[in-house]
Amino acid sequence: MEHASPGPSYEDIKELIQTRSGAELPYLTYITGEEGSENTRVSYSEFYRHVLGCARFLQNHGLMRGDRIATISHNHWHTAVQYFACWLLGLVVIPVNVEEDDDDIAYILEKGNVELAFVRTEYRTRFRKILELYDNLKHIEWIVCEGEISNFTSEKGTLAYDDSSHANSEALIVFTSEGNGTLRGAVLTQRNLLEEARAIADWHSFAEGTRVMCALPIHHVKSLVLTLVAPFFAGGSAALAQSFQAPYYFGDIAAEKVHIASLEPEHLHALNQYFEEQEPPPAGALRYMVCEGAAAAGEAVEIFEKRFDIPVVLGYSLPETSSYCCFMPVDMDAGERKIWRRQGHPCVGRPISSSEIAIHNQQGDALGEKEHGEIVIRGSNVMLKYFNDRDANNNVFKHGWLHSGDEGFYVNDEEGQPYFFVVDGEIRSQ
Numbered sequence: 000m001e002h003a004s005p006g007p008s009y010e011d012i013k014e015l016i017q018t019r020s021g022a023e024l025p026y027l028t029y030i031t032g033e034e035g036s037e038n039t040r041v042s043y044s045e046f047y048r049h050v051l052g053c054a055r056f057l058q059n060h061g062l063m064r065g066d067r068i069a070t071i072s073h074n075h076w077h078t079a080v081q082y083f084a085c086w087l088l089g090l091v092v093i094p095v096n097v098e099e100d101d102d103d104i105a106y107i108l109e110k111g112n113v114e115l116a117f118v119r120t121e122y123r124t125r126f127r128k129i130l131e132l133y134d135n136l137k138h139i140e141w142i143v144c145e146g147e148i149s150n151f152t153s154e155k156g157t158l159a160y161d162d163s164s165h166a167n168s169e170a171l172i173v174f175t176s177e178g179n180g181t182l183r184g185a186v187l188t189q190r191n192l193l194e195e196a197r198a199i200a201d202w203h204s205f206a207e208g209t210r211v212m213c214a215l216p217i218h219h220v221k222s223l224v225l226t227l228v229a230p231f232f233a234g235g236s237a238a239l240a241q242s243f244q245a246p247y248y249f250g251d252i253a254a255e256k257v258h259i260a261s262l263e264p265e266h267l268h269a270l271n272q273y274f275e276e277q278e279p280p281p282a283g284a285l286r287y288m289v290c291e292g293a294a295a296a297g298e299a300v301e302i303f304e305k306r307f308d309i310p311v312v313l314g315y316s317l318p319e320t321s322s323y324c325c326f327m328p329v330d331m332d333a334g335e336r337k338i339w340r341r342q343g344h345p346c347v348g349r350p351i352s353s354s355e356i357a358i359h360n361q362q363g364d365a366l367g368e369k370e371h372g373e374i375v376i377r378g379s380n381v382m383l384k385y386f387n388d389r390d391a392n393n394n395v396f397k398h399g400w401l402h403s404g405d406e407g408f409y410v411n412d413e414e415g416q417p418y419f420f421v422v423d424g425e426i427r428s429q
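The numbers in numbering that gives the first Met the number 0 rise by one with no breaks, and the one at position 63 of the sequence shown is 62.
Now the structure itself:
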């Protein structure tokens with residue numbers, strides 16, 4: 000399948016949000032997974048109204064373009080409203096992974112210069128203790144989100160837009176742990192997110208009516224962009240699960256008429272195990288599963304495809320590239336997929352239109368087919384920088400490329416198109 004026609008262009012996320020403002024089409028369904036609870040369904044126009052209300056709330060609290068907001072939350076549709084409201088105003092979202100320990104959360108809040116935090120009620124006691132333990136965090140205003148959207152929206156006050164472009168404004172700072180435990184914050188702009196959403200929507204042919212399942216945590220940028228921002232970009236819709244639950248996963252996919260879903264290798268393994276000795280329920284309209292092409296994916300993918308007869312499209316993502324920077328072709332038949340997967344290392348496919356990928360040696364020279372070196376990326380989806388980390392920026396940006404730290408190589412297909420492979424290990428530029 001060719002992917003030569005780019006999607007529509009938007010100056011910034013504000014323009015995208017306003018473009019969708021009047022649509023009565025479904026955008027977001029929230030699945031709690033709780034016994035007896037009904038799913039929450041929100042149209043584009045309803046979502047827009049809530050985004051405006053949250054934006055008024057933020058302005059009423061004195062927040063201005065460039066200020067930083069933290070979200071302390073599991074998957075919830077309210078959190079999606081908060082993200083988009085921040086981007087409408089040119090604010091910066093710092094998603095906090097609640098699985099981090101208290102010291103790391105405190106570090107993220109301090110180093111990220113957070114002004115206000117949206118805290119789901121389940122984490123209020125823990126968050127209060129963190130603020131009590133760290134004197135340098137006492138200035139942070141925090142809003143407990145207890146179930147009603149009125150907790151963080153306002154109908155009062157005039158919403159004042161900044162008419163200038165937000166394209167190059169910071170949109171997300173995504174903190175992740177390095178192998179040595181160091182936390183680094185990848186700074187992503189609105190243009191990064193828009194270009195990545197456009198490229199993903201193009202590769203997967205998202206359109207009005209396309210429905211995507213999100214069961215991975217949306218504090219991970221690859222989940223956020225692939226399953227919430229890209230469908231919004233294309234006018235599709237998303238089913239957002241509070242968490243991944245193997246017993247109910249296929250039932251939710253079938254009930255919500257999902258076309259494309261995304262999981263990690265460990266979740267494929269969990270599904271393989273759960274349905275090892277029982278018949279899996281039908282997956283309805285599901286076309287294929289998207290999965291990170293990690294070394295751990297190999298056996299799990301083989302079993303999954305055989306057991307469920309559902310194709311798995313592998314890809315390669317980094318926080319620094321705003322989500323996935325390459326995928327396997329979605330229309331490749333099962334035989335071809337197996338051939339590419341069975342070459343000793345995970346094949347993660349070809350670059351999407353927001354990315355250019357190469358293999359370099361430590362001197363910055365491009366290597367040829369099957370030569371091992373470092374995977375390097377450049378393009379419109381590459382982060383602006385690491386937040387307040389000059390040494391890390393000097394190491395990761397060299398010779399005009401983002402250096403991934405991952406070892407890889409490529410193999411050309413019969414048409415001379417490179418398919419990239421990730422070697423199980425890391426290589427660091429000197």
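Even for Gly, the Cβ is constructed at its ideal location relative to N, Cα and C.
Keep in mind that this is a model prediction, so the values were computed, not measured.
Terminal residues of the continuous beta strand (DSSP E) containing residue i?
i	result
Asn411	Trp400 to Asn411
His359	Ser354 to His359
Pro350	Cys346 to Pro350
Ser44	Unbroken run through Ser44 is the alpha helix (DSSP H), Tyr43 to Asn59; no beta strand (DSSP E).
Gly184	Leu182 to Thr188
Gly378	Gly372 to Gly378
Gly314	Val311 to Leu317
Leu115	Val113 to Arg119
Thr320	From DSSP, Thr320 is part of no beta strand (DSSP E); its letter is neither H nor E.
Glu291	Tyr287 to Glu291
Report yes if the CB atom of residue i is closer than 8 Å to the CB atom of residue j, and no otherwise.
i	j	result
Leu351	Ala198	The residue asked about is misnamed: residue 351 is Ile in this sequence, not Leu. Taking 8 Å as the Cβ cut-off, Ile351 and Ala198 qualify as a contacting pair.
Val347	Phe419	yes
Trp76	Val41	yes
Cys324	Val311	no
Leu15	Phe232	yes
Ser403	Gly378	no
Arg341	Met327	no
His165	Val329	no
Where does residue i land, buried or exposed, given buried means 16+ other C-beta within 10 angstroms?
i	result
Ala240	buried
Met63	exposed
Tyr248	buried
His138	exposed
His398	exposed
Glu406	buried
Pro281	exposed
Glu368	exposed
Leu132	exposed
Ala206	exposed
Glu169	buried
Ser316	buried
Glu147	exposed
Please list the terminal residues of the continuous alpha helix (DSSP H) segment that includes residue i.
i	result
Ala245	Ala245 to Ala254
Ile172	Unbroken run through Ile172 is the beta strand (DSSP E), Glu169 to Ser176; no alpha helix (DSSP H).
Tyr273	Pro264 to Tyr273
Phe83	Trp76 to Leu88
Ile104	Asp101 to Lys110
Val143	Val143 -> not in any alpha helix (DSSP H); beta strand (DSSP E) instead, spanning Glu140 to Cys144.
Glu14	Ile12 to Thr18
Ser222	Val220 to Leu223
Which same chain residues, not among the five before or five after residue i, have their C-beta less than 7 Å away from its C-beta?
i	result
Thr31	Gln241
Ser222	Cys213, Leu215, Pro216 and Ser261
Gly363	Lys397 and His398
Tyr106	Leu182
Asn167	Thr188 and Arg190
Pro345	Gly292, Ala293, Ala294, Ala296, Gly297, Leu313, Phe420 and Val421
What does the alpha-carbon distance come out to for the pair residue i and residue j?
i	j	result
Pro417	Leu215	29 Å
Leu130	Ile374	40 Å
Phe307	Glu301	10 Å
Gly65	Lys305	49 Å
Tyr160	Glu45	20 Å
Pro25	Phe151	22 Å
Ala54	Tyr47	10 Å
Leu182	Ser176	5 Å
Ala295	Met288	16 Å
Gly180	Phe386	16 Å
Glu140	Val50	20 Å
Gln361	His371	11 Å
Cys144	Gly343	48 Å
Ser8	Glu195	12 Å
Ala365	Glu319	21 Å
Leaving out five residues on either side along the sequence, give the residues of the same chain with a beta carbon under 6 Å from the beta carbon of residue i.
i	result
Ala284	Lys256 and His258
Leu383	Val186 and Thr188
Phe274	none
Val211	Thr226, Pro230, Ala237 and Ile259
Arg123	Val143
Is there a Cβ of chain B sitting closer than 8 Å to that of residue i, yes or no?
i	result
Ala240	The chain labelled as chain B is not found in the depicted structure, where only one protein chain is given.
Leaving aside the five residues before and after residue i along the sequence, list all residues of the same chain whose C-beta is less than 8 Å from its C-beta, in chain order.
i	result
Gly415	none
Leu57	Ile68, Ala84, Cys85, Leu88, Leu90 and Leu115
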